[in-house]
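So the structure is just underneath, and the comments pick up after that.
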């Protein structure tokens, strides 16, 4: 009877370890793919971003001044490059300034 209890304990711990291992592998895979995408997007010119906030501190102004800040920054970057990258938190946003950038 005691060997059956030990088998049940072993089975439940085996399931727990299997689930934790699977979650760890899935999380590592997600981080690896995310890192590859970030490295590709970072090749596009744009302002320096913070790890979690992105470029949120650059637009930390009053709501009535927000449009002026965004349009001014876009104008400055449009003089430098035909496309620009900004980070809205963890999400990249690509802004195109010239139609020739889209053409293949």
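Residue numbers (my numbering): 2 to 105. Even glycine gets a Cβ: it sits at the ideal position worked out from N, Cα and C. Note that the coordinates shown come from a computational prediction; the quantities given were computed from them, not determined experimentally.
Query raised in the report: Near residue 98, which residues of its chain fall below 8 Å by C-beta distance, leaving aside the five closest residues on each side in sequence?
Result: Scanning its chain for C-beta atoms nearer than 8 Å, with the 5 sequence neighbours on each side dropped, one finds around residue 98 the residues 75, 78, 79, 82, 83, 84 and 85, in chain order.
Query - Option nearest residue 43 by Cα separation, candidates 104, 21 and 93 - result: Per the C-alpha coordinates, the member of 104, 21 and 93 positioned closest to residue 43 is 93.
Requested in this report: Measure the Cβ-Cβ separation of residue 48 and residue 56 and say whether it is below 9 Å.
Outcome: For residue 48 and residue 56, yes; Cβs fall inside 9 Å.
Query - Inter-residue Cα distance where the pair is residue 26 and residue 15 - result: Computed Cα separation, rounded: 16 Å.
Query raised in the report: Is residue 53 closer than 9 Å to residue 90 when the C-beta atoms are compared?
Result: Yes, these two residues count as a Cβ contact at 9 Å.
Query raised in the report: CA-CA distance, residue 22 and residue 33?
Result: Linking residue 22 to residue 33 through their CA atoms gives a straight-line distance of about 16 Å.
Query raised in the report: For residue 52, which of helix, strand or coil comes out of DSSP?
Result: Assigned with DSSP and collapsed to three states, residue 52 falls in coil, not helix or strand.
Query raised in the report: If we ignore side chains and look at the alpha-carbon of each, how far apart do residue 96 and residue 20 end up?
Result: When the Cα atoms are used, residue 96 and residue 20 turn out to be separated by approximately 41 Å.
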